[in-house]
Amino acid sequence: MQSITLTVNGKSYTRDVEPRMLLVDFIRNALGLTGTNIACDTSQCGACTIHMDGMAVKSCTVLAVQADGADITTIEGLATNGHLHPMQQAFWDQHGLQCGYCTPGMIMAAAKLVENNPGITEAEIRHGLEGNLCRCTGYQNIVKAVAQAAAAGS
Amino acid sequence: MSNKYIGESIKRVEDPRFIQGKGKYVANLSIPGMLHAAIKRSPYAHAVIKGIDTSKAEAMEGVVAVYVGQQMKDDGIGSLPCGFNPPDIKTAPHMPLAVDKVRHVGDGVAVVIAESPYIAYDALDLIDVQYEPLSAVIDPKKAAQPGAPQVHDEIPNNVSFHWPLGTREEINAVLASADKVIELDLVNQRLVPNAMEPRACVAQWDAFSDEMTIWTTSQNPHIIRLLLSLATMGLPENKLRVISPDVGGGFGSKIFHYAEEVIVPWASKQLGRPVKWVSTRSEAFVTDAHGRDHVTTAKLALKNDGTFLGLDVTTYANMGAYLSTFAPMIPTALYITLFSGLYKLPVIFGEAYGTMTHTVPVDAYRGAGRPEASYMLERLVDLAARELDMDPIELRRKNFIQPDEFPYQTPVAMIYDSGDYPKLFDSLEALGDYAGLKAKRDAARAEGRLVGIGISGCIEASGPAPSQVAVGLGAGVGLWESGVIRVHPTGKVSVMTGSHTHGQGHETAFAQIVADELGIPMEDVEIIHGDTGRTPFGLGTYGSRSASVGGTALAVSAGKVRDKMLKIAAHQLEVDVEDMVFDRTTGTMHVKGSPEQSKSFVDISVAALMANNLPEGVEPGLEETTFYDPSNFTFPNSAHIALIEIDRDTGQVSLLEYAAVDDVGKVINPMIVEGQLVGGIAQGVGQALWENCVYDEQGQLLSGSFMDYAMPRADGFPMLKVSRNETPSPTNPLGVKGAGEMGTIAATITVANGVMDALAPLGIRHIDIPHTPQRIWQAIQAQSNGH
Numbered sequence: 001m002q003s004i005t006l007t008v009n010g011k012s013y014t015r016d017v018e019p020r021m022l023l024v025d026f027i028r029n030a031l032g033l034t035g036t037n038i039a040c041d042t043s044q045c046g047a048c049t050i051h052m053d054g055m056a057v058k059s060c061t062v063l064a065v066q067a068d069g070a071d072i073t074t075i076e077g078l079a080t081n082g083h084l085h086p087m088q089q090a091f092w093d094q095h096g097l098q099c100g101y102c103t104p105g106m107i108m109a110a111a112k113l114v115e116n117n118p119g120i121t122e123a124e125i126r127h128g129l130e131g132n133l134c135r136c137t138g139y140q141n142i143v144k145a146v147a148q149a150a151a152a153g154s
Numbered sequence: 155m156s157n158k159y160i161g162e163s164i165k166r167v168e169d170p171r172f173i174q175g176k177g178k179y180v181a182n183l184s185i186p187g188m189l190h191a192a193i194k195r196s197p198y199a200h201a202v203i204k205g206i207d208t209s210k211a212e213a214m215e216g217v218v219a220v221y222v223g224q225q226m227k228d229d230g231i232g233s234l235p236c237g238f239n240p241p242d243i244k245t246a247p248h249m250p251l252a253v254d255k256v257r258h259v260g261d262g263v264a265v266v267i268a269e270s271p272y273i274a275y276d277a278l279d280l281i282d283v284q285y286e287p288l289s290a291v292i293d294p295k296k297a298a299q300p301g302a303p304q305v306h307d308e309i310p311n312n313v314s315f316h317w318p319l320g321t322r323e324e325i326n327a328v329l330a331s332a333d334k335v336i337e338l339d340l341v342n343q344r345l346v347p348n349a350m351e352p353r354a355c356v357a358q359w360d361a362f363s364d365e366m367t368i369w370t371t372s373q374n375p376h377i378i379r380l381l382l383s384l385a386t387m388g389l390p391e392n393k394l395r396v397i398s399p400d401v402g403g404g405f406g407s408k409i410f411h412y413a414e415e416v417i418v419p420w421a422s423k424q425l426g427r428p429v430k431w432v433s434t435r436s437e438a439f440v441t442d443a444h445g446r447d448h449v450t451t452a453k454l455a456l457k458n459d460g461t462f463l464g465l466d467v468t469t470y471a472n473m474g475a476y477l478s479t480f481a482p483m484i485p486t487a488l489y490i491t492l493f494s495g496l497y498k499l500p501v502i503f504g505e506a507y508g509t510m511t512h513t514v515p516v517d518a519y520r521g522a523g524r525p526e527a528s529y530m531l532e533r534l535v536d537l538a539a540r541e542l543d544m545d546p547i548e549l550r551r552k553n554f555i556q557p558d559e560f561p562y563q564t565p566v567a568m569i570y571d572s573g574d575y576p577k578l579f580d581s582l583e584a585l586g587d588y589a590g591l592k593a594k595r596d597a598a599r600a601e602g603r604l605v606g607i608g609i610s611g612c613i614e615a616s617g618p619a620p621s622q623v624a625v626g627l628g629a630g631v632g633l634w635e636s637g638v639i640r641v642h643p644t645g646k647v648s649v650m651t652g653s654h655t656h657g658q659g660h661e662t663a664f665a666q667i668v669a670d671e672l673g674i675p676m677e678d679v680e681i682i683h684g685d686t687g688r689t690p691f692g693l694g695t696y697g698s699r700s701a702s703v704g705g706t707a708l709a710v711s712a713g714k715v716r717d718k719m720l721k722i723a724a725h726q727l728e729v730d731v732e733d734m735v736f737d738r739t740t741g742t743m744h745v746k747g748s749p750e751q752s753k754s755f756v757d758i759s760v761a762a763l764m765a766n767n768l769p770e771g772v773e774p775g776l777e778e779t780t781f782y783d784p785s786n787f788t789f790p791n792s793a794h795i796a797l798i799e800i801d802r803d804t805g806q807v808s809l810l811e812y813a814a815v816d817d818v819g820k821v822i823n824p825m826i827v828e829g830q831l832v833g834g835i836a837q838g839v840g841q842a843l844w845e846n847c848v849y850d851e852q853g854q855l856l857s858g859s860f861m862d863y864a865m866p867r868a869d870g871f872p873m874l875k876v877s878r879n880e881t882p883s884p885t886n887p888l889g890v891k892g893a894g895e896m897g898t899i900a901a902t903i904t905v906a907n908g909v910m911d912a913l914a915p916l917g918i919r920h921i922d923i924p925h926t927p928q929r930i931w932q933a934i935q936a937q938s939n940g941h
């Protein structure tokens, strides 16, 4: 067991973890933040995407011990003061989700994509989300949602 | 009859929880004292189990128990049943954990129950299973050949069933006398459904009340409860509660009763503690039922002027190692019955052999039989157009069933409800700019580029029905749906449906129906589903049935509520009920011609509770139930077109443009329907270009992860143009047809025809899907080398 201290959605946690524990399991099981979903075991699908120290990362591919000292935001922490993040609002407005399972990871990845490239084009959106799988939507409304959020932020 | 909500693109009421990470998926459930299950699975496709030593695993700290199949069998656990059994079908037992033999890679042999999932997975490595490997058979046609390895002693030659429709003599006569016969051997490849949420199951045995609660990722929890009671667990149905909360996609793969839905509750009962199992993606690849996997020979007979005369099709359909819940229905009642497509095709003979192989069971996957039928028929039609040097749309138009010919009886049992196929293609030619596409293609070809246009016109049968026919064909259940409307004394409404939403947006669309039928705000309507403890028996969601069957059950119940409210209002206003009007925009009931003499929806809701002033013979309360049994399928239809370019040097396919016009009848929520169509098209394109489930000769799955199985990704598509033509279905009062599968049914063949059109100038006639760069490159090389 190893002790780690990290900040998640603005709150500090200190916990003992097995060195092999995946960050996504820590977030879901130790902290009970189940909004971050798991959908593969090869880092291919992006369902578990979170923000860690300002970057969108797949939390199945980070060990909890590697997140010692990190500042993390999960889907539960994206809205501020009860107001949806523009990306959350855009996914709702554009019907960018159906079953909702890929949605938290998709929104977290997309939010960072737009933050890093405010004038993002359709081709850049499609390329930027290539690491996030959705089986329901065919991506079309996701692309529209990301474009809406990008426009809202500019 | 004015509607406030039906027909409007209302934003989904379920979305706020999903976009904020509050989805209630089974894997998110945690119960105090809960244990975790992991399953030891066979690495062999076919092997005798010589022995299983679990002692080291059992001795590991944190492991609570290890069980093998024999223990479950000795405790009376039954075989996972097949729920569609055509005449003369041969079946074999399917135990939740294999007892004597394993029959596919991934077949379960033991389960570890431990204090944490990490410990459970560690313990799997300490279980020692001695196998005697045997040879395996993978291909559905080779499985039926003499000398093939046998999957089950009970199924000689691996042929579980043979299902013919029509007569061999009749089609032979047509083939012999036709001007032309277009022949094609094709493979419709095996696919993995890959809903993004892996399956999961939690079970809690309550020894105090002898009741079992099971949370499972199912599209139809009532069917799972029925099969648990009737076949596998043997617990009384009224002591079983099955809950499917938010489910992260299904596409058919979550219809079926799976082994883990028996193993987990059984273990919970043994131990008196809750038990949870969550599939990994790697497990999902080797345990979720797969789709498609047909090997087919097809012949289309026609006149020189393009008139279709007959169709002759033989298909070997891979059933996998065990017959999954509805597997035999897919290549029979949902496949051969669609062979007429959009056309007048006077004589059809179709037959399917369902064969067993050492692979994961195959069952319904989005479209389920209908994409295979469309792919076969529309490939033949395209080849015919090429051979006759006719425009592919003109050839189709020449053979369409005409708008004034509905209801139309096909030679393959179906009676089509409604449609206007010529108009559908008028709309497509306009939306997709057919003339413009042809000009683009020809210009590109003049530059030496490989560009093609893909076209398809497809039929779907959605909302399988009627019960009488389905049960006659071998179904173990009817195909009706339940709908309860409970009006609370405050005027708020709870709706219980036997349908289940796992992405389709029922919580919105069904609320639109009920709110309009009762003239109340949508916010006052709550949709409850997916819990056998809260809803009456219902058949669930598959086959694009929810709007036409589940939605209709609710509309009928709403009508009953209105009738009762009108009776009470008439009584209180002291007029005849015939003189009353129910205003569907406000929910008020008033005397005809005297709007001031009225009662509000809440007035009568309260009156039904008070019960002190009700007409004679009218019971208190306002709750109505309907079990709606549709008289027929509905028949959505589609016209799709795609512009394709192939990189001559690499074989890489680019989808340049895509346009679709679909007739899914009346539409409740256009935004949701468009989402279904676009999402469906993406899955269909996936089959055409990328997805392929590949086994080697020993039965090892070579495409067992997202690294090896190519899923559609965001950068694989242009913006798709989607439009609708509406011909209301006369089968149900809402006029709706199914919308969930049409996109998938049409898109695969549309893109495949486009790829083949692009390659036609090279003289390449047919390449099986998926049209991967490798396959196309090889075909181009073979052609240029003169092979």
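If you're matching them up, the sequences are chains A and B in order.
Heads up: the first sequence begins at 1 in my numbering, then just goes up one per residue.
Heads up: the second sequence begins at 155 in my numbering, then just goes up one per residue.
Backbone N, C-alpha and C define an ideal beta-carbon position, used for all residues, glycine too.
8 Å Cβ cutoff met for residue i and residue j
i	j	result
Ala471(B)	Pro294(B)	yes
Ser883(B)	Ala619(B)	no
His656(B)	His683(B)	no
Asp400(B)	Lys178(B)	yes
Ala354(B)	Val265(B)	no
His200(B)	Ser289(B)	yes
Val346(B)	Asp447(B)	no
Val638(B)	Leu693(B)	no
Val909(B)	His920(B)	no
Asp41(A)	Ser436(B)	yes
Leu591(B)	Leu797(B)	yes
Ala145(A)	Gly100(A)	no
Gln155(A)	Phe860(B)	Only positions 1 to 154 of chain A appear in the structure, and residue 155(A) is not among them; the question remains open.
Arg135(A)	Asn348(B)	yes
Cβ-Cβ separation, residue j to residue i (assumed contact under 8 Å), whole Å
i	j	result
Gly611(B)	Phe560(B)	That pair is no contact at about 16 Å.
Met510(B)	His306(B)	6 Å
Ser494(B)	Ile484(B)	With a Cβ gap of about 18 Å, Ser494(B) and Ile484(B) do not count as contacting.
- Message: Please give the ranges of any alpha helix (DSSP H) in the segment 56-123 of chain A, keeping only runs that are unbroken, at least 4 residues long and fully inside the region.
- Response: Taking only runs of at least 4 residues, the alpha helix (DSSP H) segments lying wholly in the segment 56-123 of chain A are 86-93 and 103-116.
- Task: May I ask you to verify whether the segment 670-677 of chain B touches the segment 704-720 of chain B, counting CB pairs closer than 8 Å and requiring at least 3?
- Result: Three or more beta-carbon pairs drawn from the segment 670-677 of chain B and the segment 704-720 of chain B are found closer than 8 Å, and the two stretches are therefore classed as touching.
- Query: Which full runs of the beta strand (DSSP E) of 3+ residues lie inside the segment 498-523 of chain B, going along the chain?
  - Reply: Listed in chain order, they are 501-510.
- Task: Mind listing, in chain order, the continuous beta strand (DSSP E) runs of no fewer than 3 residues lying wholly within the segment 173-236 of chain B?
- Result: Whole beta strand (DSSP E) segments, 3+ residues: 189-195, 201-207 and 217-222.
- Below 8 Å, can you find three or more Cβ-Cβ pairs linking the segment 856-871 of chain B to the segment 483-503 of chain B? Under the Cβ criterion (8 Å, minimum of three pairs), the segment 856-871 of chain B does not count as touching the segment 483-503 of chain B.
- Item | Members of the segment 393-423 of chain B near chain A, C-beta cut-off 9 Å | Hits within the stretch, in order: Asp400, Val401, Gly402, Gly403, Gly404 and Phe405.
- Touching or not, the segment 461-481 of chain B and the segment 218-237 of chain B, by the rule of three or more beta carbon pairs under 8 Å? With a cut-off of 8 Å on Cβ pairs, the segment 461-481 of chain B is in contact with the segment 218-237 of chain B, counting three or more such pairs.
- Task: Answer yes if the segment 782-796 of chain B comes into contact with the segment 808-821 of chain B, meaning at least three C-beta pairs across the two stretches below 8 Å, and no otherwise.
- Result: Contact holds: three or more Cβ-Cβ distances are below 8 Å.
- Query: Touching or not, the segment 421-441 of chain B and the segment 394-406 of chain B, by the rule of three or more beta carbon pairs under 8 Å?
  - Reply: Contact fails: fewer than three Cβ-Cβ distances are below 8 Å.
- Going along the chain, which unbroken runs of the beta strand (DSSP E) with 3 or more residues stay wholly within the segment 596-623 of chain B? Taken in chain order, the complete beta strand (DSSP E) segments of 3 or more residues contained in the segment 596-623 of chain B are 604-613.
- Query: What residues from the segment 92-118 of chain A come within 8 Å of chain B, judged by C-beta to C-beta, listed N to C?
  - Reply: Within the segment 92-118 of chain A, the qualifying residues are Trp92, Asp93, His95, Leu97, Gln98, Cys99, Gly100, Tyr101, Cys102, Thr103, Pro104 and Ile107.
- Specify whether the segment 747-758 of chain B and the segment 711-729 of chain B touch according to this definition: at least 3 beta carbon pairs, one from each stretch, less than 8 Å apart. In this structure the segment 747-758 of chain B touches the segment 711-729 of chain B; the number of beta carbon pairs closer than 8 Å is three or more.
- Using a beta-carbon distance cut-off of less than 9 Å, what residues from the segment 351-382 of chain B approach chain A? If the cut-off is 9 Å between Cβ atoms, the segment 351-382 of chain B has Glu351 and Pro352 near chain A.
- Task: Give, in chain order, every residue of the segment 165-177 of chain B whose Cβ lies closer than 9 Å to some Cβ of chain A.
- Result: Answer set for the segment 165-177 of chain B: Lys165, Arg166, Glu168, Asp169, Pro170, Arg171, Phe172, Ile173, Gln174, Gly175, Lys176 and Gly177.
- Task: Note down, one range per segment and in chain order, each beta strand (DSSP E) of at least 3 residues found wholly within the segment 839-886 of chain B.
- Result: Whole beta strand (DSSP E) segments, 3+ residues: 875-878.
- Message: Across the segment 843-855 of chain B and the segment 526-533 of chain B, are there enough close Cβ pairs to call them in contact, namely three or more that are closer than 8 Å?
- Response: Pairwise C-beta distances place the segment 843-855 of chain B out of contact with the segment 526-533 of chain B, as fewer than three of them are shorter than 8 Å.
- Task: Count the C-beta pairs between the segment 928-938 of chain B and the segment 623-630 of chain B that are closer than 8 Å, then say yes if the count reaches three, no if not.
- Result: Put simply, the segment 928-938 of chain B does not touch the segment 623-630 of chain B. Fewer than three CB pairs are less than 8 Å apart.
- Item | Completely contained alpha helix (DSSP H) runs for the segment 415-490 of chain B, where each covers 4 or more residues | Those alpha helix (DSSP H) runs which fall completely within the segment 415-490 of chain B and span 4+ residues are 435-441.
- Message: If the cut-off is 7 Å on Cβ atoms, which residues from the segment 855-885 of chain B count as contacting chain A, listed in chain order?
- Response: Hits within the stretch, in order: Ser859, Phe860, Met861, Met865, Arg867, Ala868, Asp869, Phe871, Met873 and Leu874.
- Item | Complete runs of the beta strand (DSSP E) confined to the segment 694-782 of chain B [at least 3 residues] | DSSP runs (the beta strand (DSSP E)) wholly in the segment 694-782 of chain B: 734-736, 743-745, 748-753 and 777-782.
- Task: Closer than 7 Å, Cβ to Cβ, to anything on chain A: give me those residues from the segment 431-451 of chain B, in chain order.
- Result: Hits within the stretch, in order: Thr434, Arg435 and Ser436.
- Quick check: the segment 91-99 of chain A against the segment 63-79 of chain A, are there 3 or more CB pairs under 8 Å? Result no; under three Cβ-Cβ pairs closer than 8 Å.
- Validate contact between the segment 408-421 of chain B and the segment 215-229 of chain B using beta carbons, cut 8 Å, 3 pairs: Contact between the segment 408-421 of chain B and the segment 215-229 of chain B is present: 3 or more CB-CB pairs across the two stretches fall below 8 Å.
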